[in-house]
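*Asks:* I have a structure here, written as structure tokens, and I will follow up with some questions on it.
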Amino acid sequence: MSSEIDFKALRQAMVERQLEARGIRSEPVLQAMGKVEREGYVPSYLGEFAYDDTPLPIEEEQTISQPYIVAVMLEALDLHGGERVLEIGTGSGYAAAVLAEIAAEVYTIERHERLAWTALARLQRDGYSNVQVRCGDGTLGWPEAAPFDAIVVAAGGPEVPKSLREQLA
Numbered sequence: 412m413s414s415e416i417d418f419k420a421l422r423q424a425m426v427e428r429q430l431e432a433r434g435i436r437s438e439p440v441l442q443a444m445g446k447v448e449r450e451g452y453v454p455s456y457l458g459e460f461a462y463d464d465t466p467l468p469i470e471e472e473q474t475i476s477q478p479y480i481v482a483v484m485l486e487a488l489d490l491h492g493g494e495r496v497l498e499i500g501t502g503s504g505y506a507a508a509v510l511a512e513i514a515a516e517v518y519t520i521e522r523h524e525r526l527a528w529t530a531l532a533r534l535q536r537d538g539y540s541n542v543q544v545r546c547g548d549g550t551l552g553w554p555e556a557a558p559f560d561a562i563v564v565a566a567g568g569p570e571v572p573k574s575l576r577e578q579l580a
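Numbered by the working numbering, the letters in the sequence shown go through residues 412 to 580 in order.
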């Protein structure tokens, strides 16, 4: 008996049971989340749990959001392809990878240097050449790349900084 994990089957089950069954209808989001290999964006010792309906710990005492929350946030952006998106809070790079499957360009900012460069390495490994990663203060946005069609804040404070509002197209 093989002990290998069928990640493709787990990914498909996640899309059907966690996303579609709970009302996610955006076809671009469902397709992207069915394609991106989430197990590559969590610590290797947690790979078998990558598609569980729960956040998981990553580096720097941070977490990767549960798949359903990622889907809800990205569905709210109403992306159809061709957009320029700014993500605040890169984390492991998973949401940026999902965004990269939909949007033309993704700019993502992470305040923890180790997370930023680990995410960049993962995104490059997976061939996402349409993602730019920066280590810095997400509340400042990325003015030199603005305007953006959408901004998603995966990690942030109680209000949207004026600097981010000014960078929306």
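Note that CB positions come from ideal geometry on N, CA and C, so glycine has one too.
Identify whether Ile416 lies in helix, strand or coil by the three-state DSSP scheme.
*Replies:* Looking at Ile416 - three-state DSSP - the assignment turns out to be coil, as it is neither helix nor strand.
*Asks:* Apart from the five residues on each side of it in sequence, which residues of its chain come closer than 6 Å, Cβ to Cβ, to Gly547?
*Replies:* Taken in chain order, the residues that qualify are Ile520.
*Asks:* Measuring only between beta-carbons, confirm whether Cys546 sits less than 8 Å from chain B.
*Replies:* The structure shown contains no chain B; it holds only a single protein chain.
*Asks:* Pick helix, strand or coil for Glu521, following the three-state DSSP scheme.
*Replies:* In the structure shown, Glu521 sits in a strand (DSSP, three-state: E or B).
*Asks:* For Arg545, collect the residues of the same chain with a Cβ closer than 6 Å to its Cβ; drop the 5 residues on either side in sequence, then sort them by chain order.
*Replies:* Correct list, in chain order: Ile520.
*Asks:* Determine the extent of the alpha helix (DSSP H) in which Leu485 is found, giving its start and end residues.
*Replies:* Residues 478 to 487.
*Asks:* Work out the CA separation of Glu415 and Thr550 for me, nearest whole Å.
*Replies:* In a straight line, the C-alpha of Thr550 is about 42 Å away from that of Glu415.
*Asks:* Could you tell me the boundaries of the beta strand (DSSP E) in which Ala511 lies?
*Replies:* That residue, Ala511, is in no beta strand (DSSP E); its alpha helix (DSSP H) goes 505 to 513.
*Asks:* By Cβ distance, which residues of its chain are closer than 7 Å to Ala561, with the 5 residues on each side in sequence left out?
*Replies:* Excluding residues within five positions, the ones whose Cβ falls inside 7 Å are Leu488, Leu490, Glu494, Val496.
*Asks:* Between Glu448 and the rest of its own chain, which residues show a CB-CB distance below 7 Å, the 5 nearest in sequence each way excluded?
*Replies:* Correct list, in chain order: Phe418.
*Asks:* Decide if the stretch 456 to 466 is in contact with the stretch 509 to 525; the criterion is three or more beta carbon pairs, one per stretch, under 8 Å apart.
*Replies:* These segments do not touch.
*Asks:* Any contact of the stretch 531 to 543 with the stretch 499 to 517, i.e. 3+ C-beta pairs under 8 Å?
*Replies:* Short answer: they touch.
*Asks:* For the putative contact between Val453 and Ser503, defined by C-beta atoms under 8 Å, what is the C-beta separation to the nearest angstrom?
*Replies:* Confirmed, Cβ separation roughly 6 Å.
*Asks:* How long is the line joining the alpha carbons of Ala566 and Glu450, rounded to whole angstroms?
*Replies:* Ala566 and Glu450: Cα-Cα distance of roughly 21 Å.
*Asks:* Where do the ends of the alpha helix (DSSP H) carrying Leu575 lie?
*Replies:* That run of the alpha helix (DSSP H) goes 573 to 576.
*Asks:* Secondary structure at Ala557, three-state DSSP: helix, strand or coil?
*Replies:* In the structure shown, Ala557 sits in coil (DSSP, three-state: anything other than H, G, I, E or B).
*Asks:* In the DSSP output, what is Leu467 paired with across the bridge?
*Replies:* In the DSSP output, where bridge partners are listed per residue, Leu467 has Ile475.
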